[in-house]
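Q: Counted from 1, the sequence shown has number 640 at position 55 by the working numbering; the numbering is strictly sequential.
Sharing a structure, written as structure tokens. Questions coming.
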Amino acid sequence: MSNTREVIIPKGMEILYEKFHYCPGIKVGNTLYISGQVGRDENFQVVEGIEAQFAQTFENVQKVLLAAGASFDDVVEMITYHVTGVNLGNLQVPPASASEQQFTIPHLPLFMQVKDRYFTNQFPTWTGFGITALSTPGLIIEIKCTAILEDV
């Protein structure tokens, strides 16, 4: 197994490397490390709507996975950062339902529903954090993953 470092930059994410100086993904050997992805569209605008932002975040993770020749089935670890309501920017967030109030992370049941659209076969380990803010106002979720790719 090689310890050569391979930078993974999906089409449309070049600005992350060129302007912000970080890699969307790095593959070392058969391990893929994916930087925290957020709910921004291809124009780097924050996606409005809670479910839409969750889905866009997973779509951005998927872009990195596909660029590395991987899929969600290869993900072994997922770490999620959820803004807990202190700094939600302009995003209009309806009050949590009675069933959601048992969770300290707002809209966790909805997040889990969206997650299950992407992780349908192999499930990763998962650690979730409630935080007060992300890099841009309006962002409510960031997802960081590690994947193990099959030897080619």
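For glycine and all other residues, C-beta sits at the position ideal for the given N, C-alpha and C.
Where do the N-terminal and C-terminal ends of the beta strand (DSSP E) with V660 fall, by residue?
A: From DSSP, the beta strand (DSSP E) with V660 extends over 660-668.
Q: How about I733 and T665: are their beta carbons less than 8 Å apart?
A: Their beta carbons are not under 8 Å apart, which means I733 does not touch T665 by this criterion.
Q: From the DSSP output, in three-state form, read off I725 for me.
A: Coil, per DSSP.
Q: Can you tell me whether A637 is buried or exposed, with buried defined as 16 or more other CB within 10 angstroms of its CB?
A: So A637 counts as exposed.
Q: Could you give the first and the last residue of the continuous beta strand (DSSP E) run that contains E591?
A: Unbroken beta strand (DSSP E) run through E591: 590-593.
Q: Do you know offhand how far L719's Cα is from F629's?
A: Near 14 Å, if we compare the C-alpha coordinates of F629 and L719.
Q: Relative to the alpha-carbon of K700, which residue among E644, I619, K648 has its alpha-carbon at the smallest distance?
A: Closest by alpha carbon: E644.
Q: Pop quiz: T717 and V668 are said to be a contact at Cβ under 8 Å. What is the actual Cβ separation, rounded to whole angstroms?
A: Right, the Cβ-Cβ distance comes to about 7 Å (below 8 Å), so this counts as a contact.
Q: Going by beta carbon distance, what residues of the same chain come within less than 7 Å of D736, once the five residues before and after it are set aside?
A: Answer for D736: N615, listed in chain order.
Q: Scan the stretch 603-650 and note each continuous beta strand (DSSP E) run of 3 residues or more that stays entirely inside, going in chain order.
A: With a minimum length of 3 residues, the continuous beta strand (DSSP E) runs that stay inside the stretch 603-650 are 610-613, 616-623.
Q: Which residues share a DSSP beta bridge with I733?
A: According to DSSP, which records beta bridges pairwise, I733 is partnered with T616.
Q: Please report the distance separating the alpha-carbon of V715 from that of L651.
A: First, the residue type needs correcting, since residue 715 is Gly and not Val in the sequence shown. Cα to Cα, the separation comes out at about 28 Å.
Q: Alpha helix (DSSP H) containing F696: first to last residue?
A: 693-703 is the extent of the alpha helix (DSSP H) around F696.
Q: My understanding is that Q641 touches G624, with C-beta atoms under 8 Å, so please give their C-beta distance in whole angstroms.
A: Indeed they touch by this definition, with Cβ atoms about 4 Å apart.
Q: Express the C-alpha separation of G610 and G621 in angstroms, rounding to a whole number.
A: Straight-line Cα distance between these residues: approximately 9 Å.
Q: What I want to know is whether the C-beta of A652 ends up closer than 7 Å to one or more non-hydrogen atoms of the ligand ZN.
A: Annotation note on the ligand ZN: not contained in the displayed structure, which lists no ligands.
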